[in-house]
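**Student:** With our numbering applied, the sequence shown has no gaps in its numbers, which climb one by one up to 266 at the end.
For every residue, glycine included, the Cβ atom is placed at its ideal position computed from N, Cα and C.
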Amino acid sequence: MPVEQLVQSLCDTKQGYTQFGGLRPFGVSFLFAGWDKNYGFQLYMSDPSTNYGGWKATAIRANNQATQSMLNQYYKDETTREEVVKLVLKVLSKTMDITSLTSKKLELTMVFLLPSRKVKYQICSPESLSKLLMKVGMTQPAIESS
């Protein structure tokens, strides 16, 4: 199923609850990331009113205007996956209301295409996220106490 068709169907379901039930049980924004053979990778965001739109890079969070501004400034179509991860971590470190990023305060999920043309959805474990944060200089290794 094409990604946009899936997003539209889910937003129609959300809208049905609003129109016919007078409720908004999904009173949150959603990010949908996917890949299909027609348009490749796609990213959509829907808001609680069920409006949706396609994005190259976006965020749903406090300070999302600052986040969106940085993503628009630094994200390029030819950016590699590793560069995108670095960019995301850099943007989060500058726009989140915390002193340092840690794997306890952050989750990272990636969607990418394997050489076999299969779509891979990968949730980073806290351990691998900690390694990524150290690799890009966003956190220091833990000091073991004796």
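Under the DSSP definition of a beta bridge, which residues are partnered with THR229?
**Tutor:** DSSP output for THR229 lists ILE243 as bridge partner(s).
**Student:** Distance, Cα to Cα, PHE232 vs ASN183?
**Tutor:** Between PHE232 and ASN183, the C-alpha separation is close to 27 Å.
**Student:** Start and end of the alpha helix (DSSP H) containing SER189?
**Tutor:** Per DSSP, SER189 belongs to the alpha helix (DSSP H) from 184 to 194.
**Student:** Can you give me the Cβ contacts of TYR164 inside the same chain, cut-off strictly under 6 Å, excluding the 5 residues immediately before and after it?
**Tutor:** Closer than 6 Å at Cβ, skipping near neighbours: VAL127, PHE152, TYR172 and GLY174.
**Student:** Grab the span of the alpha helix (DSSP H) containing ASP217 for me, first residue to last.
**Tutor:** No alpha helix (DSSP H) contains ASP217, which DSSP labels as neither H nor E.
**Student:** Answer yes if the stretch 192 to 205 comes into contact with the stretch 218 to 226, meaning at least three C-beta pairs across the two stretches below 8 Å, and no otherwise.
**Tutor:** Segments in contact, no.
**Student:** Taking 8 Å as the limit between beta carbons, can you name the residues of its chain near THR259, skipping five residues before and five after?
**Tutor:** Here the set comprises SER220, LEU221, THR222, SER250 and LEU253.
**Student:** Given this structure, state the Cα-to-Cα distance separating SER266 from TRP155, to the nearest angstrom.
**Tutor:** Because SER266 sits at a pLDDT of 44, beneath the cut-off of 50, its placement in the model cannot be relied upon, and the point is left open.
**Student:** Ignore the nearest five residues each way along the sequence and tell me which others in GLN242's own chain have a CB closer than 6 Å to its CB.
**Tutor:** Within the same chain, GLN242 has close Cβ partners MET230.
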